[in-house]
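In this note's numbering, the protein residues as written are 3 to 86.
What follows is a set of notes on a single structure, which appears directly below.
In structure tokens form, the structure reads like this:
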């Protein structure tokens, strides 16, 4: 899923600024958060490194979500670790 930048509405967002509650592309993030010392301290959380990459399993972070039999195995093992 691609999320557009809240500032320019042209590029794909790469970070979320917690203080501004805004999704920003790299250019807007740099421009906005270099404006002064106060905004440069805002915490930003990156999106996935590649917006085109499929989501990974929440448990092992390796299996492709919904695309792998291993995801079922990860889920089962998380529910019953004694299966190991």
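Note that the Cβ used here is the ideal one computed from N, Cα and C, for glycine as well.
| query | If we ignore side chains and look at the alpha-carbon of each, how far apart do residue 8 and residue 48 end up? | reply | Each residue's alpha carbon lies about 15 Å from the other.
| task | Could you tell me the distance, in whole angstroms, from the CA atom of residue 24 to the CA atom of residue 13? | result | Their Cα atoms are separated by approximately 13 Å.
| task | Find out if the Cβ-Cβ distance for the pair residue 5, residue 21 is shorter than 8 Å. | result | Remark: C-beta atoms of residue 5 and residue 21 do not approach each other more closely than 8 Å.
| message | DSSP has residue 6 in a bridge; who is on the other side? | response | Looking at the DSSP output, residue 6 shares a beta bridge with 14.
| query | Who are the near neighbours of residue 28 in its chain, counting only those whose CB is closer than 6 Å to its CB and skipping five residues on each side? | reply | Listed in chain order, the non-local C-beta contacts of residue 28 below 6 Å within the same chain comprise 16, local neighbours out to five positions each way being set aside.
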